[in-house]
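Offset between the sequence shown (1-based) and our numbering: plus 23. Cβ atoms here follow ideal geometry from the backbone N, Cα and C, with glycine treated the same way. Nothing here was measured: the structure is a model prediction, and the numbers come from that model. Okay, structure first, notes after.
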Amino acid sequence: MGKFLLMLFFAFTIFSCGTDTDAGEFVVGSDYLALNNKVVMVDTVTVEMSTINFDSLVTSSQSRILVGNYDDPIFGKIKSNSYFQISGSSYSLSNSGSDTEAVNFVFDSISMILKYDNYYYGDTTQVQKFDIHRLTQKVKPNVDDKSFYNNSTLTYSDEVLGTISYKPRPTEKDSINIRMSDAFGQDIFQKIKKREITGFDNFTEYLKGLVLVPSGTNSSSAIGFNVSTSKVRLYYSKYQADNDDDSLILDFTIADASKQFNSVSLDKTGTIIQNLPISTQRLSSSQTNKQGFIQSGTGVACRIDFPNIKQLKYISANGAIVDAQLFLKPVNNSYSDKYPLSDSLKVYVGDNLNRISSPLLNAAGNSVYGILNKKSDEFNENIGYTIPLGNFLQKEMLKASDSRSALILTLPGISKSVDRLVLGDQKHSQNKIQIKVYYISY
Numbered sequence: 024m025g026k027f028l029l030m031l032f033f034a035f036t037i038f039s040c041g042t043d044t045d046a047g048e049f050v051v052g053s054d055y056l057a058l059n060n061k062v063v064m065v066d067t068v069t070v071e072m073s074t075i076n077f078d079s080l081v082t083s084s085q086s087r088i089l090v091g092n093y094d095d096p097i098f099g100k101i102k103s104n105s106y107f108q109i110s111g112s113s114y115s116l117s118n119s120g121s122d123t124e125a126v127n128f129v130f131d132s133i134s135m136i137l138k139y140d141n142y143y144y145g146d147t148t149q150v151q152k153f154d155i156h157r158l159t160q161k162v163k164p165n166v167d168d169k170s171f172y173n174n175s176t177l178t179y180s181d182e183v184l185g186t187i188s189y190k191p192r193p194t195e196k197d198s199i200n201i202r203m204s205d206a207f208g209q210d211i212f213q214k215i216k217k218r219e220i221t222g223f224d225n226f227t228e229y230l231k232g233l234v235l236v237p238s239g240t241n242s243s244s245a246i247g248f249n250v251s252t253s254k255v256r257l258y259y260s261k262y263q264a265d266n267d268d269d270s271l272i273l274d275f276t277i278a279d280a281s282k283q284f285n286s287v288s289l290d291k292t293g294t295i296i297q298n299l300p301i302s303t304q305r306l307s308s309s310q311t312n313k314q315g316f317i318q319s320g321t322g323v324a325c326r327i328d329f330p331n332i333k334q335l336k337y338i339s340a341n342g343a344i345v346d347a348q349l350f351l352k353p354v355n356n357s358y359s360d361k362y363p364l365s366d367s368l369k370v371y372v373g374d375n376l377n378r379i380s381s382p383l384l385n386a387a388g389n390s391v392y393g394i395l396n397k398k399s400d401e402f403n404e405n406i407g408y409t410i411p412l413g414n415f416l417q418k419e420m421l422k423a424s425d426s427r428s429a430l431i432l433t434l435p436g437i438s439k440s441v442d443r444l445v446l447g448d449q450k451h452s453q454n455k456i457q458i459k460v461y462y463i464s465y
């Protein structure tokens with residue numbers, strides 16, 4: 024046994040990039056200051072990569088209307104419908120006290136006004152088109168948790184209440200105005216005028232909600248709109264009014280953000296991840312050209328395992344992992360102006376069934392993120408995400424049980440965007456994972 028340990032220690036030393044880093048003054052905390060300890064840097068730890076797919080993501084209460092569709096050259100066909108319930112701040116026409124004044128009001132028009140929230144993904148130079156439909160099902164979850172998910176849907180009428188074709192300008196302080204059906208607006212106006220609609224309850228019985236549905240052929244991006252400032256506006260005026268200044272309005276807004284959600288779908292047919300299994304299983308990078316995949320909105324995530332980490336404890340009788348860095352590289356040509364890299368990665372700890380137990384934490388108990396290094400060189404070798412994971416690997420190394428935890432990587436805004444990322448694994452020809460583990464013996 025002694026010979027085995029000696030040989031193992033020798034192997035780690037030979038295949039590490041360096042030993043005795045910073046000689047004897049490697050600072051790891053107050054307990055180790057100014058001590059002459061032997062530090063070994065190991066860069067041969069096995070890192071396994073796979074792609075998983077969460078069963079569902081909560082997309083209600085995210086404060087974003089996300090609508091659009093496009094063909095992603097790697098991930099497949101992306102589509103996002105947005106469902107919501109609207110309500111009025113008032114259900115009566117303007118009057119100055121006269122009971123007969125409302126008789127003189129007439130309907131003018133009705134429109135949906137959507138305010139950009141600066142989010143977009145895909146090609147915004149192309150025309151986007153979507154339609155407005157009326158829901159035939161109440162905006163009410165089927166389960167007790169009061170949430171809607173990326174795979175939630177509600178039934179809606181085939182009738183188109185409004186349609187728009189436009190070139191998005193998502194970063195401007197602007198909004199789009201979609202003229203809606205006059206018959207639809209006239210019907211709402213008359214029911215309010217005749218006092219058939221007097222409050223929220225009978226309004227939602229009449230109009231359960233609306234859904235924005237992108238065209239199946241004309242769109243090439245997904246665009247975000249602000250929930251709190253978007254509205255349906257009904258215009259009316261006095262009969263034979265002298266000018267437009269006499270126009271009056273009724274606004275219907277999304278007052279309850281929990282009654283708005285985005286249904287985001289991904290058709291992976293013909294893609295490298297078309298065989299992505301159910302949520303408790305994983306698709307090894309060995310089956311996907313040595314790559315791992317992440318996509319917000321659809322629940323695609325990347326899993327990182329360290330199957331042999333426990334072997335590091337045999338380096339010495341007394342020792343610890345004091346630092347570790349994982350460097351993940353996006354695959355060349357998988358990102359562009361249309362599909363930009365996110366500035367960071369969210370990192371979670373998961374079990375063998377891909378269930379998340381917690382965010383990745385450092386020794387101080389703070390959440391750890393993967394931070395993008397944007398400084399490119401001629402071959403983009405420096406572009407990638409650095410994740411400090413010494414605290415995690417130390418715990419994994421010392422586990423008494425055979426169970427192992429993994430890292431699960433997602434992108435920020437997982438429930439309200441469609442950003443995506445492709446990462447190279449440890450055997451990728453150009454964009455390999457790099458790991459450096461600093462082990463101190465004392």
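| Check | Outcome |
| --- | --- |
| At least 3 beta-carbon pairs within less than 8 Å: the region 311–328 vs the region 435–442 | yes |
| Coarse secondary structure for T227, derived from DSSP in three states | helix |
| Same chain only: Cβ atoms within 6 Å of N249, ignoring 5 sequence neighbours per side | K138 and D140 |
| Assumed close pair V162, G232 - CB separation to whole angstroms, cut-off 8 Å | 5 Å |
| Beta-carbon separation (whole angstroms), G99 vs L289, contact threshold 8 Å | 6 Å |
| Residue environment, L56, which counts as buried when at least 16 other CB atoms sit within 10 Å | Reliability of the predicted coordinates at L56 is poor, the pLDDT of 37 falling under 50, and the value obtained from them is presented with this limitation in mind. Per the 10 Å Cβ criterion, exposed. |
| Buried versus exposed call for V166 [16 or more other C-beta atoms within 10 Å across all chains shown] | exposed |
| Cα-Cα separation between P330 and V90, rounded to whole angstroms | 41 Å |
| Straight-line gap, E195 to T147 (C-alpha atoms, nearest Å) | 13 Å |
| Beta-carbon proximity list for A429, same chain, < 7 Å, skipping 5 on both sides | R326, I327, D328 and G373 |
| contact_flag[the region 411–427, the region 276–292] where n(CB pairs < 8 Å) is 3 or more | no |
| Cβ pair count under 8 Å reaching 3, the region 275–282 against the region 100–120 | yes |
| With 16 other Cβ atoms within 10 Å as the buried cut-off, status of L58 | Confidence at L58 is low in this model, with a pLDDT of 46, below 50, so the placement of that residue is unreliable and no value is reported for it. |
| Whether S281 touches S84 by CB criterion (8 Å) | yes |
| Secondary structure of S546, DSSP reduced to three states | Missing from the structure shown is residue 546; the chain here goes from 24 to 465 and no further. |
| Beta-bridge pairing of R192 - partner residues as DSSP gives them | Beta-bridge pairing links R192 to no other residue. |
| Contact the region 455–463 vs the region 360–371: 3+ CB pairs below 8 Å | no |
| Entirely enclosed alpha helix (DSSP H) segments - the region 162–220, minimum 4 residues | 205–216 |
| Same chain, Cβ closer than 6 Å to K450, five either side skipped, listed in chain order | K313 |
| Contact check, L446 vs L351, beta carbons under 8 Å | yes |
| N331: CB within 7 Å of a non-hydrogen atom of the ligand FAD | Ligands displayed in this structure: none; no statement on the ligand FAD is therefore possible. |
| Alpha-carbon to alpha-carbon, H156 and D181 | 7 Å |
| Unbroken alpha helix (DSSP H) run spanning F415, endpoints | G413 to L421 |
| Closest Cα partner of I379 within the set L432, E419 and S204 | L432 |
| Contact set for Y465: own chain, Cβ-Cβ below 6 Å, skip 5 residues either direction | N60 and N341 |
| Exposure label - K422; buried when at least 16 CB within 10 Å | exposed |
| Alpha-carbon spacing of T221 relative to S113, whole angstroms | 8 Å |
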